[in-house]
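Counting in the working numbering, the final residue of the sequence shown is number 230, and the numbers go up one at a time with none missing.
A short write-up of the structure that comes next.
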Amino acid sequence: MKHAMALTLVLAVLTAGAVWAQDNVLTEEEQAQGWQLLFNGVDYEGWTNVNEHWVIEDGCMATVAGGGGDVITEARYGDFILSADFMVTEGANSGIFFRIDDPGNVVYTGIEVQVLDSAGVESPGVHHCGAVYEIQAPSVNMARPVGEWQNMTILAQDDLLTVTHNGVPVVVLDLDEWTEAHQNPDGTANKFPIAYAEMAREGHIALQHHGQRVLYKNVKILPLD
């Protein structure tokens, strides 16, 4: 039941936000709903760990190929809907992390939704675009080709996670079902030294720089706490 309610909430938000809007600016409706911009289109205000491998380009947060380092929000968030538009280049690998408990250990104390150049993959796995990395594969591959803008919308509500990729829910999972370290409920292995049921339920958000060029814009959040 709560899965259905969560999907209804996300789809309602996506439908309400389907009207054209200026990049990196909240609509009047979004402002009334309580949305907050995480990226203003001009600089990295509100973000930490910014280095020379992250630049502002045409109103986008852009990674410089060959560099590295994740940018991390100053603020922490618990329950929320997070939306981000992104564009990948050929072979690009990135990720959207959230509920990061320790900014010095993003990978192992946060949850990652994969951002990847994986358009055309017939049977997406736990490392493809839209997956909760190493945890659950997307039910369908919604990845668009290189050079096209895409959207990732993440609902985090206590133990429930829903990932919607380009308007289609591709992952719905209950963290409380992940009761063992290094193991998923279906018996497959993952790399995480603690059970996902024990992951922090609030924390920072980060965008990953994995060495390839990726662009982000319209990064915004609706706190549900």
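Note that the Cβ used here is the ideal one computed from N, Cα and C, for glycine as well.
How far does the alpha helix (DSSP H) with TYR113 in it reach, from first residue to last? TYR113 -> alpha helix (DSSP H) spans 111–114.
With 16 other Cβ atoms within 10 Å as the buried cut-off, status of VAL47: With fewer than 16 Cβ atoms within 10 Å of its Cβ, VAL47 is classed as exposed.
Considering Cα atoms alone, identify which of GLY216, LYS225 and GLU117 is closest to VAL168. Nearest C-alpha to VAL168: GLU117.
Using DSSP with H/G/I as helix, E/B as strand and the rest coil, what is GLU182? Correct three-state label for GLU182: helix.
Excluding the 5 residues preceding and the 5 following PRO108 in the sequence, name in chain order all residues of the same chain whose CB lies nearer than 6 Å to its CB. Around PRO108: ILE77 and HIS209.
Excluding sequence positions up to five away, which residues of its chain have a Cβ less than 6 Å from the Cβ of GLY100? Within the same chain, GLY100 has close Cβ partners GLU117, GLN119, VAL120 and GLN213.
Under 8 Å, with one C-beta from each stretch per pair, do the segment 169–180 and the segment 135–147 reach the 3-pair mark? The segment 169–180 makes contact with the segment 135–147: 3 or more CB pairs, one atom from each, lie closer than 8 Å.
What residues are listed by DSSP as bridge partners for ILE77? In DSSP, ILE77 forms a bridge with THR53 and ALA211.
Residues in its own chain within less than 6 Å of GLY253 by CB, not counting five upstream and five downstream? Since the first and last residues shown for the chain are 6 and 230, residue 253 lies out of range.
Test item: CB-CB of VAL219 and ALA97 under 8 Å: Contact: yes.
Alpha carbon of SER231 to alpha carbon of LYS225, nearest angstrom: Residue 231 lies beyond the range of the chain shown here (6 to 230); nothing can be said about it.
In the DSSP assignment, find the unbroken alpha helix (DSSP H) run with GLN231 in it and report its ends. Only positions 6 to 230 of the chain appear in this structure, which leaves residue 231 out of reach.
In DSSP terms, what MET204 is bridged to: DSSP lists no beta-bridge partner residue for MET204.
So the candidates are PRO228, TYR221, ASP230 and LEU227; which of them puts its Cα closest to the Cα of ASN29? Taking ASN29 as reference, the option from PRO228, TYR221, ASP230 and LEU227 with the minimal CA-CA separation is TYR221.
What does TYR138 pair with, by DSSP beta-bridge criteria? Answer by DSSP bridge pairing: none, since TYR138 is not bridged.
PRO129 by DSSP, collapsed to three states: which one? Three-state result, PRO129: coil.
Do ALA75 and ALA211 have their CB atoms nearer than 8 Å? Note that residue 75 corresponds to Asp in the displayed sequence, not to Ala. A distance below 8 Å separates the beta carbons of ASP75 and ALA211.
Is the CB-CB distance between ILE86 and THR32 below 8 Å? No.
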